[in-house]
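To start, the structure itself, in structure tokens.
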Amino acid sequence: MMIPVISRHPETGNFAETYLSRRNVLNLVLLISLLCFAAMLVMRFITAYSLNVDLVGVETNVVYSIQTAIAGQQLYNDPMYLPFTITQYTPLYYDLCAVTAKLLNINPATDVHAVYVVGRMWNILLNLLTAYAIYLICSNIFRMEQKLSVIAGLCAFVFIFRHDFSVRPDSLQNLFVIWAVYYFFKYLRNLQHNTKSVGYLAVALFLAIASIFAKQSGIQLPIIFMGFLLFTFNWRGFIAGSLISLIVFGGFYLYYYLQYEEAFFLNVVGGVANGITLRGFLVWVIGAKPFVLKIFIPFLIVSFIIIKTKMIFKGSLEERFLAFCLAGFFGFATVTGLKMGATAQYYGLFQYLAWVLIFYYFGRKNEFFDSTSALFSYGQFKKAGVWVFLAALLAINTLYQLNMIRVDEFKGRAHLEAERQKTWNVANFLKDDMALAPGEMVFANLSVAERRGINNALFANAVVPQLEIVHFSMTPLKVFGFDQFNESLKNGKIKYIIDSDPVYHFIITDSFERIKRDHFRLIKTVDNYSIYQHKE
């Protein structure tokens, strides 16, 4: 007699073990990461050639300073006097773009769009190199498996803020900072193995100091390095690091001070002293769309890991430094985020290393999603949630940028071309019809939105090209020459004023409207711009 074979339905555990294994989950996340990376890379090349003169972060200001450097003019001038310019950041990014533009024979007066392309293309390369440094930190320092390290590197490129798309020094600073962190990790690793390590410390500190001269906020990194050496009672490393820092910083500062003298300090320190605003922090930093997903939730996850493991006090030197560094980056971003003009992008460095820690902790086999355990237990939900959140964040970030491309570069292409034409209609009227000569200065009394690159089209004649720095200072900017500006309007050194319709609500000095009425006359209306000439 035959015994019937009773077929068994696969149980939930077998299903999970088959389809939700560690290998399959990592493969899925890797695939999503690759797709988002490829999409982001394509979008970056599209935005590099965008006609939008301000993707974010007032690109026009940085481009103006690059133009002056290409033309061989002073990058830093005393903002107390004509042309009343404030080059807001330290010089390395400006120099990088200017040297590249010179090698490509770009004319700063006529090839303005090419200057934008140079800066944006450099940022793509800088972001890729930064992502590679994240990959090395994961694979070489924390010995994560290859897939996890690759995912971390891809995420580092996908998760960047839109400031990195723009002609701004943030990407160069981030490159120096993350590579400096990598070499500091190498120093700590060698230190534990009693092998030569001072070379790695020197490289780390050189890059850390270089980050300051890419953007002032790099100052946090040498402080974090030295603080950690003190925290771990590494007196020899602290003394050596202090000497190296002083020598490298002194070399950089002396080189640029000899070129620009006091004007260097007036711009990069006095030019950014625009006050504290709690309201701005709540609206523009915490209230920014990406803050919760890209910063706050990773912050909660990182805090959970550090508190649970007591990582800052226990573990290897590398683990302790990672926790210490994250605390430093987050604290510095929060304090400086109170400054007028701050954005959520200030937390970009924290975000880079936050995901390193998250991958390191949840990528370990004992903390990974366990497909053989109960699917709906709290522990399983918590572990699986990290990977679901990661995949969702990759998708959301990519779709958000894709929508920006769709709106700006495809649906809005005609609008951007029309805006560009308005800018050059004004510039060409002054250059051709009015025969604008060198030394005849033009004040564009325009908001960022209305400026549309007019100061870039007229860079050799522009005065107060960074007008919003004066506007958004919480108190009158001490380094700016308000009285000298009024006098230049009266005596005709400023020959033309450009107003918009409606007129920019910010009035640079109390007597500006009276001086314009008494000393200038309307000579032309071009599109929505009114052009006034000094009566002489």
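If you're matching positions, the sequence shown starts at 1484 in the working numbering and goes up one per residue.
Ideal Cβ positions, reconstructed from N, Cα and C, are used throughout, including at glycine.
Just so we're clear, the structure is a prediction, and the values are computed from it rather than from any experiment.
Limits of the unbroken alpha helix (DSSP H) element including residue i
i: residue 1523; result: 1505 to 1531
i: residue 1728; result: 1718 to 1743
i: residue 2015; result: Run containing residue 2015: none in the alpha helix (DSSP H); it sits in the beta strand (DSSP E), 2012 to 2017.
i: residue 1844; result: 1831 to 1845
i: residue 1934; result: 1931 to 1934
i: residue 1705; result: 1703 to 1714
i: residue 1465; result: Given that the chain is displayed from residue 1484 to residue 2019, the structure contains no residue 1465 and the question cannot be resolved.
i: residue 1799; result: That residue, residue 1799, is in no alpha helix (DSSP H); it is neither H nor E in DSSP.
i: residue 1574; result: Residue 1574 -> no alpha helix (DSSP H), and no H or E assigned at all.
i: residue 1786; result: 1780 to 1792
Proximity of residue i and residue j at Cβ, strictly below 7 Å
i: residue 1609; j: residue 1655; result: yes
i: residue 1993; j: residue 2013; result: no
i: residue 1939; j: residue 1660; result: no
i: residue 1540; j: residue 1651; result: yes
i: residue 1936; j: residue 1593; result: no
i: residue 2024; j: residue 1892; result: With the chain covering only 1484 through 2019, there is no way to say anything about residue 2024.
i: residue 1977; j: residue 1928; result: no
i: residue 1611; j: residue 1658; result: no
i: residue 1649; j: residue 1538; result: yes
i: residue 1941; j: residue 1920; result: no
i: residue 1945; j: residue 1925; result: yes
i: residue 1508; j: residue 1870; result: yes
Residue i burial status per 10 Å Cβ neighbour count (16 or more: buried)
i: residue 1626; result: exposed
i: residue 1536; result: buried
i: residue 1948; result: buried
i: residue 1564; result: exposed
i: residue 1551; result: buried
i: residue 2008; result: exposed
i: residue 1831; result: buried
i: residue 1557; result: exposed
i: residue 1750; result: buried
i: residue 1915; result: exposed
i: residue 1738; result: exposed
i: residue 1922; result: exposed
i: residue 1682; result: exposed
i: residue 1886; result: exposed
7 Å CB neighbourhood of residue i in its chain, flanking five on each side removed
i: residue 1758; result: 1823, 1956, 1957 and 1958
i: residue 1688; result: 1705, 1708, 1724, 1727, 1728 and 1731
i: residue 1967; result: 1563 and 1564
i: residue 1585; result: 1553
i: residue 1698; result: 1572, 1573, 1652, 1653 and 1656
i: residue 1740; result: 1747
i: residue 2003; result: 1980, 2015, 2016, 2017 and 2018
Same chain only: Cβ atoms within 8 Å of residue i, ignoring 5 sequence neighbours per side
i: residue 1839; result: 1617, 1620, 1621, 1625, 1635 and 1805
i: residue 1860; result: Here residue 1860 scores only 47 on pLDDT, less than 50, and its place in the model is too uncertain to base an answer on.
i: residue 1795; result: 1789, 1803, 1806, 1807 and 1810
i: residue 1969; result: 1992, 1994, 1995 and 1998
i: residue 1912; result: 2007, 2009 and 2014
Cβ-based neighbour list, residue i, same chain, cut-off 6 Å, excluding 5 preceding and 5 following
i: residue 1696; result: 1573, 1575 and 1735
i: residue 1774; result: 1827
i: residue 1513; result: 1630 and 1634
i: residue 1930; result: 1987
i: residue 1780; result: none
i: residue 1601; result: 1580, 1583 and 1584
i: residue 1569; result: 1562, 1750, 1754, 1949 and 1952
i: residue 1784; result: 1841
Limits of the beta strand (DSSP E) - the one that residue i falls within
i: residue 1979; result: 1977 to 1983
i: residue 1623; result: Neither: residue 1623 is in no beta strand (DSSP E) and is coded neither H nor E.
i: residue 1924; result: 1924 to 1928
i: residue 2006; result: 2003 to 2009
Euclidean distance between Cα positions of residue i and residue j
i: residue 1881; j: residue 1519; result: 6 Å
i: residue 1674; j: residue 1686; result: 15 Å
i: residue 1995; j: residue 2015; result: 13 Å
i: residue 1842; j: residue 1603; result: 30 Å
i: residue 1516; j: residue 1875; result: 11 Å
i: residue 1901; j: residue 1641; result: 31 Å
i: residue 1684; j: residue 1521; result: 35 Å
i: residue 1662; j: residue 1561; result: 34 Å
i: residue 1770; j: residue 1763; result: 9 Å
i: residue 1903; j: residue 1714; result: 54 Å
i: residue 1742; j: residue 1753; result: 18 Å
i: residue 2034; j: residue 1954; result: The chain is shown from 1484 up to 2019; residue 2034 falls before or after that span and cannot be answered.
i: residue 1664; j: residue 1950; result: 36 Å
i: residue 1549; j: residue 1744; result: 19 Å
i: residue 1488; j: residue 1847; result: Low confidence applies to residue 1488: its pLDDT is 43, below 50, so where it sits in the model is not reliable, and the reading given next is rough at best. The alpha-carbon atoms of residue 1488 and residue 1847 are separated by roughly 41 Å.
i: residue 1963; j: residue 1567; result: 7 Å
i: residue 1797; j: residue 1671; result: 15 Å
i: residue 1678; j: residue 1836; result: 26 Å
Near the ligand FAD: residue i beta-carbon under 6 Å from a heavy atom
i: residue 1704; result: Of the ligands one can find in the structure shown there are none, so the ligand FAD has no counterpart to examine.
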